[in-house]
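J.:
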Amino acid sequence: MARSIVERIVELLAPEAEGRRVVDVRIGLGYTAVQLDDEAAGTAYTFRDDVPGGCNVFVGKRPLAGRPAHELLAGLLSSNPLEAAVGLAAANALVNRPHPDFFPGDILEAMTLRPTDRVGMVGYFAPVIPDLEKKVGELLIFEQSNRPEPGTLPADEALRLLPECDAVLITSTALINHTIDALLAAAQNCREVVLLGASTPLCQAAFDRTPVTLLSGIVVDSPAELLRVVSEGGGMPLFKGLAGKVNCRVRRA
């Protein structure tokens, strides 16, 4: 049986996690962040609407700080959205570091887009939408939300309509709720498939020979300040100056 994307990430990053320890974990209302003992940090989206009720919303092992990095990394495999977010943030702390293959810039400039393209967007990326609509023929936005934006389609429509798209941008939160494999299967014939957002693990090998062509995420430059923002309920707009947006290409199937 083929390994899932999250299984590939955990397996590939296990050697990087060896000997590393976690020094801080913040589970904020917008994002979750993990910092390691070499000061590197990573982030992942917090699915706060899916958090269980009660006083203790995180039900995993405690304390998180001080644990070996590989223990938190394994949480990415969990069906619990908070454990998976902590696991993805740990993965990003391990892999989202300066690398010669990474390049800055607007993800729309990095993509190959045509005026006749039908483009799918899984997740609502408001800053990207106006420029994207100017570049392509049609934009379909799929959103999983209790308060969906006007003009968006239900998330479960993506599996039906992505095969009809020329390009697709997928939120990397799909790694947390484990919908990524089905989405990539639906997008296998798309010319461009991009995973983007502050949750994106820049682990090219995990997406090697999949439909993914580009990864677009962040590298944290100021871990202490970014963890403070996360603790105070801040998100991507407040990461500016604390983390840099970077992209990398993936060798597709």
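Just so we're on the same page, this note's numbering is the position in the sequence shown counted from 1, plus 117. From the three backbone atoms N, C-alpha and C, an ideal C-beta is built for every residue, glycine too. Everything numeric in this text was worked out from a predicted model, so none of it was measured.
#1: Assign Glu281 to buried or exposed, taking buried as 16 or more other Cβ atoms, counted over all protein chains shown, within 10 Å of its Cβ.
#2: Does the separation of the CB atoms of Leu190 and Ala134 fall below 7 Å?
#3: Roughly how many angstroms lie between the CA atoms of Pro232 and Asp248, to the nearest whole one?
#4: Leaving out the 5 sequence neighbours to the left and right, which residues in its chain are closer than 8 Å to Phe220 when beta-carbon positions are compared?
#5: How about Asn209 and Gly159: do their beta carbons lie closer than 7 Å?
#6: According to DSSP, simplified to helix, strand and coil, what is Asp234?
#7: By Cβ distance below 6 Å, which residues in the same chain neighbour Val310 in space, the five residues on each side in sequence not counted?
#8: For Asp166, name the three-state secondary structure that DSSP assigns.
#9: Under 7 Å between the Cβ atoms of Ala202 and Ala161?
#10: Out of Leu301, Gly177, Glu250, which has the shortest C-alpha to C-alpha gap to Ile122?
#11: What does DSSP give as the partner residues of Leu312 in its beta bridges?
#12: Please determine if the segment 285-296 and the segment 309-323 are in contact, where contact requires at least 3 C-beta pairs separated by less than 8 Å.
#13: Identify whether Val346 lies in helix, strand or coil by the three-state DSSP scheme.
#14: If we count the other Cβ atoms within 10 Å of its Cβ and call it buried at 16 or more, is Arg137 buried or exposed?
#15: Per the DSSP calculation, Tyr241 is bridged to which residue(s)?
#16: What are the boundary residues of the alpha helix (DSSP H) that includes Ile293?
#17: Compute the distance between the beta-carbons of Tyr148 and Val347, then report whether it is under 7 Å.
#18: What does a CB cutoff of less than 7 Å around Tyr241 pick up in its chain, not counting 5 residues either side in sequence?
#19: Assuming Cys307 and Leu130 make a contact with CB atoms under 8 Å, what is their CB distance in whole Å?
#20: Is it the case that the Cβ atoms of Ala150 and Ala206 are separated by a distance below 7 Å?
#21: Do Leu181 and Val142 have their beta-carbon atoms positioned less than 7 Å apart in this structure?
#22: Less than 7 Å separating the beta-carbons of Ser339 and Thr317?
#23: On the CB-based measure, 16 or more other CB atoms within 10 Å of its CB, does Gly334 come out buried or exposed?
#24: Starting from the Cα of Leu278, find the closest Cα among Met238, Phe164, Lys252 and give me that residue.
#25: How far does the alpha helix (DSSP H) with Asp248 in it reach, from first residue to last?
#26: Going along the chain, which residues of its own chain have a beta-carbon closer than 8 Å to the beta-carbon of Glu250, five neighbours each way excluded?
#27: Closest to Thr163 by C-alpha separation, out of His216, Glu342, Leu146, would be which residue?
T.: Taking the definition as stated:
#1: It counts as exposed.
#2: The beta carbons of Leu190 and Ala134 sit closer together than 7 Å.
#3: Going from the Cα of Pro232 to the Cα of Asp248 covers about 12 Å.
#4: For Phe220, where only same-chain residues beyond five positions count, the Cβ hits under 8 Å are Ala227, Val363, Asn364, Cys365.
#5: Yes.
#6: Looking at Asp234 - three-state DSSP - the assignment turns out to be coil, as it is neither helix nor strand.
#7: Val285, Ala304, Pro328, Val329, Thr330.
#8: For Asp166, the secondary structure class from DSSP, reduced to helix, strand or coil, is helix.
#9: Yes, Cβ-Cβ distance for Ala202 and Ala161 is below 7 Å.
#10: Looking only at Leu301, Gly177, Glu250, the smallest Cα-Cα distance to Ile122 is reached by Leu301.
#11: Bridge partners of Leu312: Ile287, Leu332.
#12: Yes, they touch.
#13: Val346 falls in the helix class under three-state DSSP.
#14: So Arg137 ends up on the buried side.
#15: Note: Tyr241 sits in no beta bridge, so no partner.
#16: Unbroken run through Ile293: none, as it is neither H nor E.
#17: Yes; because the gap between Cβ atoms is below 7 Å, this pair is in contact.
#18: Here the set comprises Ile258, Glu260, Glu266, Thr269.
#19: Their Cβ separation, rounded to whole angstroms, is 27 Å, which puts Cys307 and Leu130 out of contact at 8 Å.
#20: A Cβ-Cβ contact shorter than 7 Å links Ala150 with Ala206.
#21: Yes. Within cutoff.
#22: Going by C-beta atoms, Ser339 is not nearer than 7 Å to Thr317.
#23: Flag for Gly334 reads buried.
#24: Each of Met238, Phe164, Lys252 was checked against the Cα of Leu278, and the nearest Cα belongs to Met238.
#25: Run containing Asp248: 246-252, per the alpha helix (DSSP H) assignment.
#26: Result list for Glu250: Leu256, in chain order.
#27: Of the listed residues, the one whose Cα sits closest to Thr163 is Leu146.
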